[in-house]
Each structure stands twice: as structure tokens, then as C-alpha cells.
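> Supplied in C-alpha cells, the structure appears directly below.
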RNA sequence: GCUCCAGUGGCGGAAUCGGUAGACGCGUUGGACUUAAAAUCCAAUCGGGGUUCUCCCUCGGUGCCAGUUCAAGUCUGGCCUGGAGCACCA
């Protein structure tokens, strides 16, 4: 064994050996229980960043730990390789997106291997390869056949900069998630997945996800946005047979309606507008169209609107009230029309004040009854001015009033969701083509399954502006109808990359299958994912879509489970100097540099060491240095003592006092580290325990020297050597999931055959995983007054006696009345005194 | 506005159940080794006060104010601050 630690040499060596031996290949059949550890697969942008390093290190440590614990571990990796950056690179440098992507994948693969990650490379999937997107297309067709993929003309989010539409989930604060450009509304005919059919199940099944953080679950629940209310229909006075339905969560306030608002895009708005008002309404609608989403949705904007000139009749009171259009009503939500009760809704109140509309109180504010001057009263209360419902609590009235509407045939109970269908068409080239053909005779027809994949054309011009490069292909659009064989045209849009990433974790179970996306047997064997690790930025996007896919595929009979990810760990960001590492801020750290200067083991150790995985992690150069020093310290511990170490150590009890203490320290470390990993993967405390154990071995060693170490004399007895061997071998194994190369190197230097990563995880003995002495804390009235060393085995009565026998305690309790004494076993005695 | 998460030394953070607050590390300071430096090793490191002054005593301290309890970083109620998500969603 070398005297000094040369990580680069060691790491290269073992990476080659592991690759040669296919050390991390996972067989499908095994008598061990399965464990599926998964990182969110990367977009091949060019180089790994520290966020990747953190993500993959966390998952890798989990995978290796589980493997040592006796699981058959599936730990795969792949590439989310469709998407705009490849296309942009193509436009800017004239590169082929496929080539650009391949080169990036090659480079990043090299980096992943340098990090020492235990991936089964035989299961690698790449979403932009025909053997993958064939099945993305196949799945699209299955969803289409089930009615879950459909095309409709709708107001959609358009990013001019990216030249494509976006899903609702990809619009962040009114801006494009990718380029930050302000998103516009456009009316286009687009493909959607009917995720709204699954709204209730997606919400309900969040309850099953005990292994997910509450933050992610609430974000999804908010996004789905369930509310319970009623649809109420109002007859229009001026137009025979026309009704305006509204959705409300406050049917209890129906007697307080003083006007009604429809969205500017409301479908019947023209019928509802009288000739006198037509010009003003048209102008208002034209203006609303022009406004950006941000302007329109801004909550601090002053509300505007115009009257339509028509009226509705309130079936509860017989009163007439006017119809208005205002852009605070949203056409996509509910019915696109809102009943306005200014007395009990802040928005309606503002609007009513501005346009001098009446305010009618129907819920009594206990503080200022029958008045509503300065603001709406939105709290609970008792109904007034509401005919037979007067005196009823408003919470009860919701039910009773809706029931009356149901009985009268002008309303019903209604559950409403905020979630919208998932828009999956993209007017871009670098994506999976939507496998649909338009035939004049047969209509919208899916491509025949045997003709899949619908290949991306390569005869395209990337320099075109204002349209998708795919439209420049001379070979792509013209095709024949799969039904009638006549001339037909292909769909020119490709799929959102989030479609590709909604099922990749299923493909890993059976990545080479060329007759199906995956066999049911294998997908049911490996899934659900036992531990998923990735960034919080996917809390809604990818994680919601994947849940939807899993449920839809279950309904199609392709698999048998309905949640894909049993446990989810959302790791925090990697910061430097307090802010997120980013190229624009210039505070990035290049993983390659760290590998080169310190080695991957130091990088892995450091990125886990300072913060728990879910929290943000502040990168510091001093911290890296500290971890490197620690590894050197461990290395020296082994190399300085190598001549005393034996892999076939044997402990014979009883041991000498110091040896017994060290053995106990090792058992405590094993227990603590195992528990810390098992309990939410607290790697930061795991690493502090590596250090504690290392320090303890050094201290023990120092105690054995008694100043004689330098002369090189063997001062260790047989027992000492066995104990030291036990301690060091345990440390090396405990560290193996983190410092994968160093542990492997030392393992072999100690003469072991095979890989440390195939060895069995250390076990502890509960009798030994505790100190032989305890420190008894003696409190008086809850304040610590004395600490006394006592034997581990003493019972409560004895503890009490020991405490009362203390000179200090005697002094402090002299002349006082002892009211009671509380004993916490093996820990503490609290004496309560008075006077 | 609503929802969720967090708040502990100079810093990152520890503290299964309510039971010794500050593990472990970074940084800092002092020392050893060295011609010197690096590396390494040893020691100190929450604050105030006291003292027979390197040994010890004492008081205070986990965002703020209350409460429950023998005992609160931990539980309850009310605030404050920061972060994240949602937001004219009727």
C-alpha cells in the first residue's frame, strides 16, 4: 500500500475494473428482494453541473447501501434528449441536433463514469433514439384510442421566442419556463392529453404517497385545485330560451346577486349583447385579446368591464340583474361566467363600487349587521334577506340552496378543478413526431402500429424563421392514409419532451424490448420506483405528468400499479456564496476540475457532508479541502498500521478496557450510520460519524503508543491488532457507499477478494452499541446541577440514590422539601424542591 | 391574499420519545515539529458576570410574546422574518 493517497490513480483503476466486470449489471431474476433507485435523468446539455453531481451521488449512495444490505438493486440512467437546446444549437452553428446530442451524451457519460456511479449501462435509454420514441408514439396511439389524446382549437400559450406553444405547467409567472419570454395567447388547433379525467385520482392518491414530502404534495394539490360548489342557471330576460350557467362555491349568497359577469371570450356573448351596447362590448373584447397574460391576470389591476344591456332573472328572488362582461372572469374556468355578490366577495365589491352597482347584504356580519360599506364580508355568518333561508348558518345554506336549485331544475352540485388538459403539441423539430395522419376521406387517423416509428426527417433546413424546421422537409408531410391508402398528410408537430420523460422509468425495466414499450411482467416486477431523487423544480411538471401516465397505462392494462414513485427525495439546490450556481452569475464550479484536483471520492464526500439532502447546499472551496484532508487522514490511518491489520481478525471477549471501548464505539457507529441512512438519508450526519469513528481510532492508537510509536516497534498485542483490524475494516465498509474507490482500494490492500461493494453491510450488536458507562445528569427543578458517571446497568432506584448521595446535591437540597423526583432511565434524575 | 417549509454560535449544521443545547466540520486563535514554509499533530473557541485565574462557580441563551410541563430547540396558541408554490380560479 502506498504511503500517500493518490485518488486519480486509484479511481481510474477501479472504474476500469468495474466496467470490465460489469460490476453493476442488474439481472432481472434474483433470489434477493428488488430495490429500484432512480435519479431524474439529465438533459444532455453538454457538461455535468454540480446539481447533477449532488443528485446522482445521493442516489448512488442509496443504491450501493441497499446492495450491501442484500437487495437486487436496479440503478439505471438515460438521457432526456429531445428538446429545444439541440435545435437552437443547430440553428446557431449549423450542427445536426442528433450529432450535437450524441456528442454531449458521450462527454457526460464519461463524467458520470468518473464520478464512480454504479449504473447498469446496459439499461441506458435515450429518448431521441428511434427505438425509444417508437414507443412514445405507440403510447400516444393507445391514449388516442382510449380518447385520452384529442385535438381541439383552444386559446393556448404561445412563446414567440421559442416559436412554439407551451403547456400551462410550463408558464411561470406568465413567462416561458425555458427562455423567460412573455407568453401570449393564441387560438390554435392543438393536441391535448386528457389529464383532467384523472384530476380526482391524482388528488386522492396523493394520500397514498407517504414517502413524499408535504411540500410537493401540497403543490400538486394546489395545482389540481379542487373546489366544491354548484352550477346555477339563470334565464336571460331578453333572449327566449337562453340561459347563463355560473359556477359558484358560494350558493349561500345567491339572494345577494346584483349583477352577472361573463368573460370577454364567453361563447354566447354576442347573443347577450344588445345592439346599443355592441360597439362598446366589441371594443372591450378586442382590447382584452391584445393584453398579455401578465397584464390581464395581475391582481392589483383596477377591474374594468362593460354592460351588455341584457338581464337575467334570479329564480330565488324573482329579481332582475344586469349582465356585464369583465376580464376578471376567466373563460377557461368553471362556466366562464360568474354571479356577482358584491356584499360578500372582494372582487365583486371593488367592481360594484367602481360602476355603482348595488350591494345587497345576505350574510350577517356580527360586528356591523346589515351594513357593508368599506369592504365585502367574506366570513361565515347567518343568512338575512334570503326568504325561507333567513336565520340559517351559511355553511348549512350552501347545501340547502343548491338542493332547491336541483329540485327546481335550475342547478346542480358541482366539483370543479383548476387543472387543465395537458397541451402536448410543439411546433418544433427536435421531438417525437405525433404519429397522426390527416386524410380527407377518413379524417384524423393514427399511423399503423407496424409502421412505427414515424421517423424524424433529416432533410430539413434549420435556418428557417417563423416556422418549424420540420415543415421544410420534402419527404415528411406527404404520406398515405393508414385506412384507405389514399393520399394524406402527416401531423407536423412533435410532442412535448415531457411526454418522453413521463414513461422512461418504466422502460428501464425492459429497455431492449422491441415488441412492446415494456413487458407487463418486468414492469410489475421492478416498479414502483422505491426511491426517486431529483430537483424540486419538477414538483408539478414531470411528477404530475408521470403520475397521470402511470394511471392511464394501468387503465390500458399495460401495468398493475397506479403510482410510479413510492418515495421521493427532492434535493436542494447547490449554491455558491449564497446564490444558485449559474453561468450568468459566474459562480459555477466545474466538476471536472474537482475530479482532477481532488478526485471523485472527495467530491462525493463533500457534496453529501454539509447539508441534509433536501436542503440547499452551499459549496465552499474550504469544505472541499477539508474533505480531501479527511480522506488523507483515513488513508494514513490504514497505511501507518497496515502491518498490524488482518482481514481474518477475531474478537475474543472479554476485552481490555480500552479495546472494549473501541469495539463499542464501532458498534455505535454502525448503528448510527445505518439508522441515519435509513431515516431520510441524512448523509451529513453519516459523514460526521465517519469522522467521529476515525477520530476514535486515532485516539485509541495514540493511547497504545505511549510515546513509543516513532521507533517503529510493534507495541500492539494480538488482541489490540484484532480490535484495530475490526475497527478499520468496519470504517472502510461503512464508507464504501460514499468513497467508492478509496474503500475498494483499501479493501484489496487488506487482502480481501472480490469487491467491497459486494460485501455484506456491517451489523451491530445492541448490547455492544452502547457505552459501558453512562453519564447521569442530575437536575434540580429542571436545571443541570451535577453529572455523575455510573454503570450502564443500574436501575432507576439506584440512579435516584446515586443522585441524592452527591455532595453537591446534598448541599443544594439541605433544608429544602423534596416534592418529587423524576428518573429518566439511564439518563437523568430531576429533583423538584420547594422552599 | 391563500398554502407549504424554515428560523439554533463567526459560518454549514447536530440534538429518535419533551430529558446534558451547540455533535461533526469550516473558520479563527494559540502551541508543537521545521532554518523557513507547506503538510501534519495538540489545545482553545455561545455570551455576560464572578473567582482563590487555565481549575472552577454563577446567570442568560435555539426569531418574538404567552401557555402546558418536574423539564420545551422540540408540544399548544398568537405574532415577526425569510424561502418556495399558487393566485381576479368565482
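In our numbering, the protein residues as written are 115 to 949. Note that CB positions come from ideal geometry on N, CA and C, so glycine has one too. What you are looking at is a predicted structure, and each value in this text was computed from that prediction instead of being measured.
1) Could you give the DSSP three-state label for residue 55: helix, strand or coil?
2) Taking the C-alpha atoms as reference points, what is the distance between residue 441 and residue 491?
3) Mapping DSSP to helix, strand and coil, what is residue 550?
4) DSSP has residue 681 in a bridge; who is on the other side?
5) Would you tell me roughly how many angstroms separate the C-alpha atoms of residue 562 and residue 624, rounded to the nearest one?
6) Kindly indicate which residue of 608, 601, 564, 595 has the alpha-carbon position closest to the one of residue 585.
7) Is the separation between the beta-carbon of residue 234 and that of residue 139 shorter than 8 Å?
8) When the Cα atoms are used, what is the spatial distance from residue 446 to residue 533?
9) Look at residue 902 and residue 947 and say whether their C-beta atoms are less than 8 Å apart.
10) Does the Cβ of residue 286 have 16 or more other Cβ atoms within 10 Å, making it buried, or fewer, making it exposed?
11) Could you give the DSSP three-state label for residue 241: helix, strand or coil?
12) Under 6 Å Cβ to Cβ from residue 430, same chain only, skipping five residues before and after it: list those, please.
13) What runs of the alpha helix (DSSP H), each 4 residues or longer, lie entirely inside the region 712–791?
14) Taking the C-alpha atoms as reference points, what is the distance between residue 452 and residue 171?
15) Given this structure, state the Cα-to-Cα distance separating residue 142 from residue 908, to the nearest angstrom.
16) List the whole-angstrom C-beta distance separating residue 568 from residue 596, where the pair is believed to meet the contact cut-off of C-beta under 8 Å.
17) By a C-beta neighbour count over all protein chains shown, 10 Å radius and 16 as the cutoff for buried, is residue 783 buried or exposed?
18) Are residue 525 and residue 344 touching if we call contact CB-CB under 8 Å?
19) Please report the residue range of the beta strand (DSSP E) in which residue 373 lies.
20) Assuming residue 594 is part of the beta strand (DSSP E), what are its boundary residues?
21) Roughly how many angstroms separate the alpha carbons of residue 188 and residue 178, rounded to a whole number?
22) Which term fits residue 932, buried or exposed, when burial requires 16 or more other beta carbons within 10 angstroms of its beta carbon?
23) At 4 residues or longer, and completely inside the region 299–349: list those alpha helix (DSSP H) runs for me, N to C.
24) Apart from the five residues just before and just after residue 269, which ones in its own chain have a Cβ nearer than 6 Å to its Cβ?
25) For the putative contact between residue 196 and residue 536, defined by C-beta atoms under 8 Å, what is the C-beta separation to the nearest angstrom?
26) With distances taken Cα to Cα, identify the nearest neighbour of residue 603 among 551, 581, 640.
27) So, residue 251 versus residue 549, is the Cβ gap smaller than 8 Å?
28) For residue 130, count the other beta carbons within 10 Å of its own beta carbon; 16 or more makes it buried, fewer makes it exposed. Which is it?
29) Secondary structure at residue 390, three-state DSSP: helix, strand or coil?
30) Run the CB neighbour count on residue 822, radius 10 Å, all protein chains shown included, and call it buried at 16 or more, exposed below.
31) Cα-Cα, which of 793, 815, 788 is closest to residue 803?
32) Who does residue 290 pair with in a DSSP beta bridge?
33) Along the chain, where does the alpha helix (DSSP H) that runs through residue 659 open and close?
34) If distances are taken between C-alpha atoms only, which option among 330, 293, 337, 294 comes closest to residue 314?
35) Pick helix, strand or coil for residue 607, following the three-state DSSP scheme.
36) Could you give the residue range of the alpha helix (DSSP H) that holds residue 841?
Reading it off the structure:
1) The question about residue 55 has no answer, for the chain in this structure spans 115 to 949.
2) If you draw a straight line from the Cα of residue 441 to the Cα of residue 491, it comes to about 23 Å.
3) Residue state, collapsed to three classes: strand.
4) 325, per the DSSP bridge assignment.
5) In a straight line, the C-alpha of residue 562 is about 23 Å away from that of residue 624.
6) The shortest Cα separation from residue 585 among 608, 601, 564, 595 belongs to 608.
7) Taking 8 Å as the Cβ cut-off, residue 234 and residue 139 qualify as a contacting pair.
8) Looking at the two C-alpha atoms, the distance is approximately 10 Å.
9) No, the Cβ-Cβ distance between residue 902 and residue 947 is not below 8 Å.
10) Counting Cβ neighbours within 10 Å, residue 286 comes out exposed, since fewer than 16 surround it.
11) If DSSP states are grouped into helix, strand and coil, residue 241 belongs with coil.
12) In chain order, 368, 369 place their CB closer than 6 Å to the CB of residue 430, counting only its own chain and leaving out the 5 sequence neighbours on each side.
13) With a minimum length of 4 residues, the continuous alpha helix (DSSP H) runs that stay inside the region 712–791 are 714–723, 735–755.
14) Going from the Cα of residue 452 to the Cα of residue 171 covers about 52 Å.
15) Their backbone Cα atoms lie some 52 Å apart in a straight line.
16) So it is not a contact: roughly 11 Å between Cβ atoms.
17) Counting Cβ neighbours within 10 Å, residue 783 comes out buried, since at least 16 surround it.
18) Yes; because the gap between Cβ atoms is below 8 Å, this pair is in contact.
19) Segment 373–376, the beta strand (DSSP E) holding residue 373.
20) DSSP places residue 594 inside the beta strand (DSSP E), whose first and last residues are 592–594.
21) If I take the Cα positions, the gap works out to 10 Å.
22) Of the other Cβ atoms in all chains shown, fewer than 16 fall within 10 Å of the Cβ of residue 932; this residue is therefore exposed.
23) If only complete runs of 4 or more residues are kept, the region 299–349 shows the alpha helix (DSSP H) at 313–318, 328–338, in order along the chain.
24) So the qualifying residues of the chain are 299, 301.
25) Going by Cβ atoms, the distance from residue 196 to residue 536 rounds to 16 Å, so no, they are not a contact pair.
26) It is 551 whose Cα lies nearest to the Cα of residue 603.
27) Yes, they are a contact pair.
28) Burial call: exposed.
29) DSSP places residue 390 in helix when its eight states are reduced to three.
30) The predicted position of residue 822 is uncertain, since its pLDDT is 47 and thus under 50; a value taken from the coordinates is nonetheless stated next. Label assigned to residue 822: exposed.
31) The shortest CA-to-CA distance from residue 803 to any of 793, 815, 788 is the one to 788.
32) BP columns for residue 290 point to 285.
33) The continuous alpha helix (DSSP H) containing residue 659 extends over residues 655–669.
34) Among 330, 293, 337, 294, the Cα nearest to that of residue 314 is on 337.
35) Coil.
36) Residues 832–849.
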